[in-house]
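See below for the structure under consideration.
Structure representation (structure tokens):
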């Protein structure tokens, strides 16, 4: 637990000594949470999560300023390239074929449409472009081939690339990598115990196997969850523990607040409490210091004050555009105005030749 005679912040976390860890300097080069065989115990995660909120935010802000450029926020754009008709029964999702939500099944978009949308997103300030398809799993064939071409088109536009297509195999992950994909999004949604109350058409281990395939292909992982589905604090701790013990940890962690859509089983869920959302962001930052923590779905319902506290606690990415897949999103002009008021800056979109593959 010592490096050069100095106790390590994360070693203390790993062994459950949070009271001592929080008063020590955070040393990112000694990050045992990132080392094979390391990672926090569930008890350590619970101690982080249950800290007094202001102490937790303070700790998260310190970690964030030690490991990241705390003034930088990445702006992303998310496009639904295949909307509706999904055979999964995710209780929160308006695109599920199991529910009557007014979302109609649509065919896969054309490559030219996606390329144009990517260029527009970049012109509007996005540095990252994400493609989402309402599929249970990737099927080899013409539609997957088209998605691969979409990835290449987005990459050529000079944007960081991410897709979410459902489950996939290792060879499919390799094809996405070769097409220029940077990140694959596959959320765990919630903790293992609560998961079966939200989804029954796909098990938790299916999701973990997909994440393993993504890692084996050398892609970066985008993986997070949703708050406000009726889960307990213990369920949120379970989710954080599962994410934080991944090896390596996810490079991107979206934190979603449920958007309760009429027609879904969760239509009557009350909004997640502001302090619960802030607590989740802060705990994620302490436990996953190198990740992009993304304020994702539900941000339209967040006040500027809450968003400011989330940025303080380590959130460093937002989504631009009037919609996230099929749900409303915040106004981009208002977003940029808020960043300016807070002294934050958006990551500048890059030229195509400077985007690493």
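Residue numbers (the numbering used here): 173 to 529.
C-beta: ideal position from N, C-alpha, C; glycine also.
These numbers come from a predicted model, not from an experiment.
Residues that DSSP places opposite residue i in a beta bridge
i: residue 339; result: 309
i: residue 425; result: 465
i: residue 491; result: 248
i: residue 333; result: 301
i: residue 268; result: 258
i: residue 517; result: 244
i: residue 356; result: 335, 393
For residue i, the three-state DSSP class (helix, strand or coil)
i: residue 248; result: strand
i: residue 361; result: strand
i: residue 238; result: helix
i: residue 523; result: coil
i: residue 228; result: helix
i: residue 190; result: Confidence at residue 190 is low in this model, with a pLDDT of 49, below 50, so the placement of that residue should be treated as unreliable; the coordinate-derived value is given next. Helix.
i: residue 382; result: helix
i: residue 512; result: helix
i: residue 374; result: coil
i: residue 159; result: One cannot answer for residue 159 here, as it falls past the ends of the chain, which runs 173 to 529.
i: residue 323; result: helix
i: residue 153; result: Outside the displayed span of the chain (173 to 529) sits residue 153, for which this structure offers no information.
i: residue 294; result: helix
i: residue 453; result: helix
i: residue 531; result: Within the shown structure, residues of the chain are numbered from 173 to 529, placing residue 531 beyond reach of any answer.
i: residue 218; result: helix
i: residue 393; result: strand
i: residue 444; result: coil
i: residue 286; result: helix
i: residue 253; result: strand
i: residue 213; result: coil
i: residue 314; result: helix
i: residue 179; result: With a pLDDT of only 39 at residue 179, under 50, the local geometry of the prediction cannot be trusted, and no value is derived from it.
i: residue 411; result: helix
i: residue 486; result: coil
i: residue 438; result: coil
i: residue 529; result: Residue confidence for residue 529 is low, a pLDDT of 37 falling below 50, so the modelled location carries little weight; the figure read from the coordinates is stated next. If DSSP states are grouped into helix, strand and coil, residue 529 belongs with coil.
i: residue 503; result: coil
Beta-carbon proximity of residue i to residue j, cut-off 7 Å
i: residue 303; j: residue 335; result: yes
i: residue 493; j: residue 268; result: no
i: residue 535; j: residue 465; result: Not covered by the structure: residue 535. The range shown for the chain is 173 to 529.
i: residue 211; j: residue 417; result: yes
i: residue 393; j: residue 422; result: yes
i: residue 286; j: residue 253; result: yes
i: residue 428; j: residue 469; result: yes
i: residue 356; j: residue 391; result: yes
i: residue 531; j: residue 330; result: In the structure as shown, the chain starts at 173 and stops at 529, and residue 531 therefore has no counterpart that could be examined.
i: residue 612; j: residue 338; result: Beyond the ends of the chain as shown, which are 173 and 529, falls residue 612; an answer cannot be given.
i: residue 277; j: residue 257; result: yes
i: residue 444; j: residue 266; result: no
i: residue 430; j: residue 441; result: yes
Proximity winner among the options, relative to residue i (alpha-carbon distances)
i: residue 512; options: 493, 272, 480; result: 480
i: residue 483; options: 505, 329, 387, 453; result: 453
i: residue 531; options: 296, 446, 491, 462; result: Since the first and last residues shown for the chain are 173 and 529, residue 531 lies out of range.
i: residue 406; options: 366, 348, 266; result: 366
i: residue 485; options: 471, 473, 467, 472; result: 467
i: residue 519; options: 371, 393, 332; result: 332
i: residue 298; options: 514, 403, 289; result: 289
i: residue 279; options: 330, 218, 305; result: 305
i: residue 369; options: 337, 264, 433; result: 264
i: residue 219; options: 459, 312, 381, 271; result: 459
i: residue 403; options: 433, 372, 424, 438; result: 438
i: residue 487; options: 435, 436, 244; result: 244
i: residue 505; options: 353, 259, 296; result: 296
i: residue 343; options: 442, 259, 389; result: 389
i: residue 383; options: 419, 372, 246; result: 419
i: residue 230; options: 340, 451, 515; result: 451
i: residue 350; options: 434, 371, 490, 317; result: 317
i: residue 385; options: 371, 347, 352, 415; result: 347
i: residue 477; options: 491, 507, 461; result: 507
i: residue 284; options: 434, 326, 224, 461; result: 326
i: residue 353; options: 300, 271, 247, 259; result: 300
i: residue 241; options: 444, 259, 262, 461; result: 461
i: residue 424; options: 440, 442, 490; result: 490
i: residue 345; options: 372, 328, 371, 312; result: 312
*asked:* Under 8 Å, with one C-beta from each stretch per pair, do the region 374-392 and the region 401-413 reach the 3-pair mark?
replied: no
*Using 8 Å as the Cβ pair cut-off and three pairs as the minimum, do the region 385-405 and the region 358-368 touch?*
yes
*Looking at C-beta atoms only, is the number of pairs between the region 312-323 and the region 229-236 that lie closer than 8 Å three or more?*
no
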